[in-house]
Amino acid sequence: MDTLIAEDLLLLLLDDTKGTVRASSYLASALGGAVLVELALAEAVELEEKTSAWRSAKVRPTGAAPQDAAPHDAAPHDPVLTAGLATITEKDRSPQDLVNRLGKGLKETLTDRLVERGLLERREEKVLGVFPRTRWPAADATHEHDVRRQVRAALVEGAQPDPRTGALVALLAAVDQAHRVVDHEGMSSREVKRRAKDIATGDWAAKAVRDAVAATVAAVTTAVTAATAATAAGY
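Each residue of the sequence shown is one higher than the last, beginning at 1 in UniProt numbering.
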């Protein structure tokens with residue numbers, strides 16, 4: 001099944017039974033990072049070289065549409081990627097800025113898509129009979145299980161990930177969820193986390209792509225740190 005990396009990330013972070021999201025406080029940044037990573041893998045965007053220690057590196061379009069160089073089977077004219085590329089084309093922005101911009105409202109967009117495709121079920125309910133809440137339990141977890149097997153093969157079995165799986169693992173590492181989304185019998189959580197970080201910096205894509213992915217992962221990690229600090233402070 002053709003899905004975006006952001007959709008696969010969302011499926012992995014959703015509890016199949018409860019329909020609630022792990023890492024909800026920084027989910028938007030993680031999903032925005034997934035869109036940016038996918039565009040980097042498609043060679044539609046690149047990270048410019050830093051010319052000053054006082055200026056952060058910016059992301060800029062390469063001039064190639066996502067479908068022109070896509071190395072996997074994502075939908076060639078996907079509106080999420082098209083919208084993301086349009087945002088990047090507006091002006092040069094840092095990865096930190098972009099993961100937040102691209103992630104705004106993306107959970108709602110992606111859950112609607114996944115419901116339409118029969119992968120999730122939308123359940124509307126009220127907590128204590130008053131407060132509305134939406135949950136998205138799995139309706140058909142076949143695709144998610146396939147993705148989870150690929151992630152587990154890389155994290156636990158030592159398989160060399162393809163670029164798509166490598167990028168997904170890097171994003172999971174950024175939100176500190178790699179050890180939570182796979183069964184790692186025989187390995188400790190610390191070992192799985194270490195393996196995820198090793199994969200995130202591994203040689204599974206061309207250098208220009210890896211640089212863009214690394215900058216995106218760093219931006220997501222910064223967003224996670226900020227969200228965690230804000231939660232701890234009671235904001």
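Ideal Cβ positions, reconstructed from N, Cα and C, are used throughout, including at glycine. None of the values given here were measured: they were computed from a predicted structure.
Which of the three DSSP states, helix, strand or coil, is assigned to Leu119? coil
Please return the same chain residues whose Cβ sits closer than 7 Å to the Cβ of Leu171, not counting the five positions on each side in sequence. Leu9, Ala30, Gly33, Ala34, Val37, Val217, Val220
Run through DSSP, which three-state label would Leu85 get? helix
Distance, Cα to Cα, Leu81 vs Ser56? Those two C-alpha atoms are separated by around 24 Å.
Just tell me which of Asp2, Arg22, Ile5, Leu4 has its CA closest to the CA of Trp136. Nearest option by C-alpha distance: Arg22.
Helix, strand or coil for Val182 per DSSP? coil
Taking 8 Å as the cut-off, does the segment 195-205 touch the segment 158-169 (at least 3 CB pairs, one atom from each stretch)? yes
Specify whether the segment 117-132 and the segment 5-19 touch according to this definition: at least 3 beta carbon pairs, one from each stretch, less than 8 Å apart. These segments touch.
Which residues does DSSP list as the beta-bridge partners of Glu124? Thr134
Val45 beta carbon less than 7 Å from that of Ile88: Their beta carbons are under 7 Å apart, which means Ile88 touches Val45 by this criterion.
How would you write the range of the beta strand (DSSP E) that Arg60 sits in, first residue to last? 59-61
Going by DSSP, what residue range makes up the beta strand (DSSP E) through Leu47? 45-47
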